[in-house]
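FYI, the numbering for the sequence shown is 1 to 35, going by our numbering.
This report refers to the structure that appears directly beneath it.
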Amino acid sequence: MKLNRLFEIIYTLLQKRSVSAKELAVHFGVAVRTI
């Protein structure tokens, strides 16, 4: 896992509190399984 992606996921979760794995996968251009 790329470190930058990990930090951005954490930051997104802290801001929104509720984000689906599918939304994160679309945002980062990766598979849901990657998230």
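Here a beta-carbon is modelled for each residue, glycine too, at the ideal position from N, C-alpha and C.
Among the options, whose alpha-carbon lies nearest the alpha-carbon of residue i?
| i | options | result |
| --- | --- | --- |
| Lys22 | Lys16, Arg5, Val32 and Lys2 | Val32 |
Mind checking whether residue i and residue j have CB atoms under 8 Å apart?
| i | j | result |
| --- | --- | --- |
| Thr12 | Ala25 | no |
Is the closest heavy atom of the ligand GTP to the C-beta of residue i under 7 Å?
| i | result |
| --- | --- |
| Thr12 | The ligand GTP is absent from the structure shown, which contains no ligands of any kind. |
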